[in-house]
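Numbering (the numbering used here), first residue to last: 407 to 519.
Just so you know, even glycine gets a beta-carbon here, dropped at the ideal spot from N, CA and C.
In this text, all values refer to a predicted model and were calculated from it rather than measured experimentally.
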Ligand SMILES: C[S@@+](CC[C@H](N)C(=O)[O-])C[C@H]1O[C@@H](n2cnc3c(N)ncnc32)[C@H](O)[C@@H]1O
């Protein structure tokens, strides 16, 4: 079985990667994008990686075919118990960052499966 090539956006501590591992799916992480220092440190420790912090904002699509995007953008602004700031495109809320993933997919010549 070929390895599934993965792009992890808003990768956090890599819970979705852990699910892929548990499912015994052969995979390769092409890139991992996470802005929070502590998350990146944990992720690197858990998976033996050496990623640096980076933002999805302005992120350039890797020059490699991606099979699967794993995406977990912030949802606080949608929460019923939060400040309900919403996720309207270009509103500047954390939840509006989901539009960065849509931009990234649009910019990919070969779309993920
Ligand atoms: C809902 S959590 C994702 C959790 C992740 N699935 C995990 O396994 O830990 C959202 C993540 O988006 C990250 N984040 C927020 N703004 C970001 C940005 N501009 N670029 C990249 N990551 C960002 C947060 O630091 C947080 O770790």
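Distance cut-off 7 Å: residue i Cβ against heavy atoms of ligand 1
| i | result |
| --- | --- |
| residue 501 | no |
| residue 442 | yes |
| residue 505 | no |
| residue 425 | no |
| residue 484 | no |
| residue 497 | no |
| residue 419 | yes |
| residue 422 | yes |
| residue 523 | What the structure shows of the chain is the stretch from 407 to 519, and residue 523 is not part of that stretch, so it cannot be assessed. |
Limits of the unbroken beta strand (DSSP E) element including residue i
| i | result |
| --- | --- |
| residue 436 | 433–439 |
Neighbour-count burial assignment, residue i, 16 or more Cβ in a 10 Å radius
| i | result |
| --- | --- |
| residue 485 | exposed |
| residue 513 | exposed |
| residue 414 | buried |
| residue 419 | buried |
| residue 439 | buried |
| residue 463 | exposed |
Cα-Cα separation, residue i to residue j
| i | j | result |
| --- | --- | --- |
| residue 487 | residue 470 | 40 Å |
| residue 446 | residue 500 | 18 Å |
| residue 426 | residue 408 | 14 Å |
| residue 457 | residue 451 | 10 Å |
Residue i, enclosing alpha helix (DSSP H) - first and last residue
| i | result |
| --- | --- |
| residue 506 | 504–513 |
| residue 412 | Looking at the DSSP string, residue 412 is not in any alpha helix (DSSP H); the run it does join, the beta strand (DSSP E), is 410–415. |
| residue 391 | With the chain running from 407 to 519 in the structure shown, residue 391 is simply not present. |
Proximity below 8 Å, CB of residue i to CB of residue j
| i | j | result |
| --- | --- | --- |
| residue 411 | residue 472 | yes |
| residue 436 | residue 468 | yes |
| residue 460 | residue 441 | yes |
| residue 449 | residue 417 | yes |
| residue 503 | residue 480 | yes |
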